[in-house]
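K.L.:
Each protein sequence line maps, in turn, to chains E and L.
1 is the number of the first residue of the first sequence in the UniProt record's numbering; add one for each residue after it.
1 is the number of the first residue of the second sequence in the UniProt record's numbering; add one for each residue after it.
2 protein chains.
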Amino acid sequence: MPKGVPESVPDDGLTTRQRRTQPITAVHTGPGKGKSTAAFGMALRAWNQGWSVGVFQFVKSAKWKVGEENALRVLGASGEGGTVDWHKMGSGWSWIQRSAEQEMTSEEAAKEGWEQVKRDLAAETYRFYVLDEFTYPMHWGWIDPDEVVAVLKDRPGSQHVVITGRYAPEALTEVADLVTEMTKVKHPMDAGRKGQRGIEW
Amino acid sequence: MPKGVPESVPDDGLTTRQRRTQPITAVHTGPGKGKSTAAFGMALRAWNQGWSVGVFQFVKSAKWKVGEENALRVLGASGEGGTVDWHKMGSGWSWIQRSAEQEMTSEEAAKEGWEQVKRDLAAETYRFYVLDEFTYPMHWGWIDPDEVVAVLKDRPGSQHVVITGRYAPEALTEVADLVTEMTKVKHPMDAGRKGQRGIEW
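#1: Measure the alpha-carbon distance for V59/L versus K118/L and round it to whole angstroms.
#2: For G165/L, I'd like the list of residues in its chain whose CB is within less than 7 Å of its CB, leaving aside the five on either flank, ordered along the chain.
#3: Should S91/L be labelled buried (16 or more other beta-carbon atoms within 10 Å of its own) or exposed?
#4: Would W142/L pass as an interface residue toward chain E - the criterion being a Cβ-Cβ separation below 7 Å?
#5: Which residues in chain E have a C-beta closer than 7 Å to the C-beta of residue 279/L? List them in chain order.
#6: Residues of chain L with CB closer than 9 Å to the CB of residue 232/E, please, in chain order.
#7: In the DSSP output, what is T183/L paired with across the bridge?
#8: Going by the beta-carbon positions, is the gap between W142/L and A110/L smaller than 7 Å?
#9: Out of curiosity, what's the CA-to-CA distance linking G67/L and A26/L?
#10: Between which two residues does the beta strand (DSSP E) containing Q97/L stretch?
#11: Skipping 5 residues on each side, what residues in its chain have a beta carbon closer than 6 Å to that of K186/E?
#12: Which runs of the alpha helix (DSSP H) spanning at least 4 residues fall entirely within the stretch 57–82 of chain L, listed in chain order?
#13: So, L75/L versus A71/E, is the Cβ gap smaller than 7 Å?
#14: Decide if W93/E is buried, meaning its Cβ has at least 16 other Cβ atoms within 10 Å, or exposed.
#15: Please list the terminal residues of the continuous alpha helix (DSSP H) segment that includes D85/E.
#16: For K153/L, is the classification buried or exposed, using 16 other Cβ atoms within 10 angstroms of its Cβ as the cut-off for buried?
#17: Can the beta-carbon of W51/L be found less than 7 Å from the beta-carbon of R127/L?
#18: Under 7 Å, do D146/L and A171/L count as touching if we go by C-beta distance?
#19: Apart from the five residues just before and just after Y129/L, which ones in its own chain have a Cβ nearer than 6 Å to its Cβ?
#20: Can you look up A110/E in the DSSP assignment and give me helix, strand or coil?
#21: Roughly how many whole angstroms lie between the Cα atoms of D120/E and W114/E?
#22: Would W51/E pass as an interface residue toward chain L - the criterion being a Cβ-Cβ separation below 7 Å?
#23: Are M182/E and G32/E close, meaning C-beta to C-beta below 7 Å?
#24: Could you check the C-alpha separation between A43/L and F56/L for me, to the nearest Å?
#25: Tell me the rounded alpha-carbon separation between E108/E and R98/E.
#26: What residues from chain L crowd round L75/E, counting only those whose CB sits closer than 9 Å?
#27: Buried or exposed: E124/L, going by 16 or more other Cβ atoms within 10 Å of its Cβ?
#28: Please classify F128/E: does DSSP put it in a helix, a strand, or coil?
#29: So, does the CB of K111/E fall closer than 7 Å to a CB anywhere in chain L?
#30: Please determine, among A38/E, Q22/E and G198/E, the residue with the shortest C-alpha to C-alpha distance to V179/E.
#31: Any idea what DSSP makes of G141/E, helix, strand or coil?
#32: If you follow the alpha helix (DSSP H) that A26/E is part of, which residue opens it and which one closes it?
#33: Does K33/L come within less than 7 Å of chain E when only Cβ atoms are used?
#34: In angstroms with no decimal places, state the Cα-to-Cα distance between residue 203/E and T83/L.
#35: When the Cα atoms are used, what is the spatial distance from P2/L to E112/L?
#36: Quick one: is E101/L near chain E, going by C-beta distance under 7 Å?
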């Protein structure tokens, strides 16, 4: 239970108010469950603040996130809280023609997603970003972690970014403000049980 | 990225369909962030399935969960998906008079919450339960983990239960189907930064 009491006060010349609006970079990594789920849970708070939320799903299969996607769409359209845009690879990034994306390799599609994230960060399109499974294109060498770090460091305004996925590159976790590792202690699939509707997606 | 492929097939005489509707007990524990947040993220999926969701918040201060609470209330009232009931200790369990709860100690209030969970499980009131921070009253010796385990084992129907909080008792993690430990790798409060609106609550 966080109590909101910092363990020390930094000598950074900032006021508490300035520190409270500093942009946060968060990384959810590790082999356990809950990396994306916790990111979407954070998006609920952002929505509740009236912030614009942009989700970029760097994963081909959308099946596993359909519950969160529907929920955030309903919230974004509710007239309360902030707006929600949900962009996903594989079923077609929203800003390019589906037919164009179908001719792309996964690597090209992932790079195209990152290009759009860069454009949105430069334009301050959203206040809160979920870059879901974004560690994988970095891990696979498709997107340079050093470039990601440089873009995040230079982003204007107070835009918060949460990145999820296993194998978070060290360059990224070094600059992140908040890094949580989810460890798998026990999982029903280990006991031969299959994924369940409502639980896994 | 879970692929839904079990590592082995159990010799339990159940069909895949039967296995898919087995009630899940999940525990999110450990010192890291995201235990509750991931549980509320799971609640989005449950809501999306049209399931009735019951949240029991075993914590006095409600500040930290207000974003999730508002979001789930809006979803529950949206006419899409399932219903959501959000019960919280401290600001008054919904089924007892606020004045009555104010005369209770924290221990009495936690026990009263658990009694209601038992009644709801027996009556199959909800399909999906979040028992948020419920490990603490067990850890503090207020509620017997063995009784919790016995009640969970005997619960009727297909009711899923997610329990969050540090110090999950071993009796509980032993019977849980899904246990995830959240490890704190890095947290902005360590660097003297205070909790931020939209990020922490």
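The beta-carbon is built from N, C-alpha and C at its ideal position, and this holds for glycine as well.
Because the structure is a prediction, the values reported are computed rather than measured.
P.N.:
From the atom records:
#1: As a first step, residue 59/L is located in the second sequence; it is residue number 59 there, counting from the start. As a first step, residue 118/L is located in the second sequence; it is residue number 118 there, counting from the start. Near 18 Å, if we compare the C-alpha coordinates of K118/L and V59/L.
#2: In the second sequence, the residue the question calls residue 165/L occupies position 165. So the qualifying residues of the chain are T29, K35, E133, F134, T135 and Y136.
#3: Indexing the second sequence from 1 puts residue 91/L at position 91. Exposed, by the Cβ-count rule.
#4: By one-based count along the second sequence, residue 142/L stands at place 142. With 7 Å as the cut-off, W142/L does not count as an interface residue toward chain E.
#5: In the structure as shown, chain L begins at 1 and stops at 201. Residue 279/L is therefore absent and cannot be evaluated.
#6: Absent from the structure is residue 232/E, since the part of chain E shown begins at 1 and ends at 201.
#7: Locating residue 183/L in the second sequence gives position 183, where the first residue counts as 1. T183/L pairs with E181/E.
#8: Counting from 1 along the second sequence, the entry for residue 142/L is found at position 142. Counting from 1 along the second sequence, the entry for residue 110/L is found at position 110. Yes; because the gap between Cβ atoms is below 7 Å, this pair is in contact.
#9: Indexing the second sequence from 1 puts residue 67/L at position 67. Indexing the second sequence from 1 puts residue 26/L at position 26. Whole-angstrom Cα-Cα distance: 22 Å.
#10: Numbered from 1 along the second sequence, position 97 holds the residue referred to as residue 97/L. Looking at the DSSP string, Q97/L is not in any beta strand (DSSP E), and its letter there is neither H nor E.
#11: Position 186 of the first sequence holds residue 186/E. So no residue of the chain qualifies.
#12: 66–76
#13: Here residue 75/L is taken as the residue at index 75 of the second sequence, counted from 1. Here residue 71/E is taken as the residue at index 71 of the first sequence, counted from 1. Taking 7 Å as the Cβ cut-off, L75/L and A71/E qualify as a contacting pair.
#14: Along the first sequence, read from residue 1 onward, the residue named residue 93/E stands at position 93. With 16 or more other Cβ atoms within 10 Å, it is buried.
#15: Here residue 85/E is taken as the residue at index 85 of the first sequence, counted from 1. That residue, D85/E, is in no alpha helix (DSSP H); its beta strand (DSSP E) goes V84 to K88.
#16: Sequence index remark: in the second sequence, residue 153/L carries index 153 (1-based). Result: exposed.
#17: Residue mapping note: residue 51/L aligns to position 51 of the second sequence, counting from 1. Residue mapping note: residue 127/L aligns to position 127 of the second sequence, counting from 1. Yes.
#18: As a working mapping, residue 146/L is identified with position 146 in the second sequence. As a working mapping, residue 171/L is identified with position 171 in the second sequence. Going by C-beta atoms, D146/L is nearer than 7 Å to A171/L.
#19: Taking the first residue of the second sequence as position 1, residue 129/L is located at position 129. Cβ within range, chain order: G54 and V161.
#20: Here residue 110/E refers to the residue found at position 110 when the first sequence is read from its first residue. Reduced to three states, the DSSP call for A110/E is helix.
#21: Taking the first residue of the first sequence as position 1, residue 120/E is located at position 120. Taking the first residue of the first sequence as position 1, residue 114/E is located at position 114. About 10 Å.
#22: As a working note, residue 51/E is residue 51 in the first sequence. It does: the Cβ of W51/E has a partner Cβ on chain L nearer than 7 Å.
#23: If you number the first sequence from 1, residue 182/E lands on position 182. If you number the first sequence from 1, residue 32/E lands on position 32. Result yes, Cβ atoms of M182/E and G32/E sit closer than 7 Å.
#24: By 1-based counting over the second sequence, the position of residue 43/L is 43. By 1-based counting over the second sequence, the position of residue 56/L is 56. A43/L and F56/L: Cα-Cα distance of roughly 12 Å.
#25: Position 108 of the first sequence, counting from 1, holds the residue named residue 108/E. Position 98 of the first sequence, counting from 1, holds the residue named residue 98/E. Taking the straight line joining both Cα atoms gives about 14 Å.
#26: Locating residue 75/E in the first sequence gives position 75, counting from the first residue. Near L75/E (Cβ distances below 9 Å), the residues of chain L are A71, V74, L75 and S78.
#27: Here the question's residue 124/L lines up with position 124 in the second sequence. Answer is exposed; the Cβ neighbour count stays below 16.
#28: Residue numbering aside, residue 128/E sits at position 128 when the first sequence is read from its first letter. The answer is strand: DSSP assigns F128/E an E or B state.
#29: To locate residue 111/E, count along the first sequence from 1; it is residue 111. No, no contact with chain L.
#30: Taking the first residue of the first sequence as position 1, residue 179/E is located at position 179. Among A38/E, Q22/E and G198/E, the Cα nearest to that of V179/E belongs to A38/E.
#31: Looking up residue 141/E in the first sequence gives position 141. In the structure shown, G141/E sits in coil (DSSP, three-state: anything other than H, G, I, E or B).
#32: Counting from one through the first sequence, the residue named residue 26/E turns up at place 26. Run containing A26/E: none in the alpha helix (DSSP H); it sits in the beta strand (DSSP E), T25 to T29.
#33: As a position in the second sequence, residue 33/L is number 33, starting the count at 1. With 7 Å as the cut-off, K33/L counts as an interface residue toward chain E.
#34: Given a span of 1 to 201 for chain E in the structure shown, any question on residue 203/E remains unanswerable.
#35: The residue given as residue 2/L occupies position 2 in the second sequence. The residue given as residue 112/L occupies position 112 in the second sequence. Confidence in P2/L is poor, its pLDDT being 46 and thus under 50, which makes the residue's placement unreliable; the coordinate value appears in the next sentence. Computed Cα separation, rounded: 38 Å.
#36: One-based indexing of the second sequence puts residue 101/L at position 101. Chain E, which has no Cβ nearer than 7 Å to the Cβ of E101/L, makes this no.
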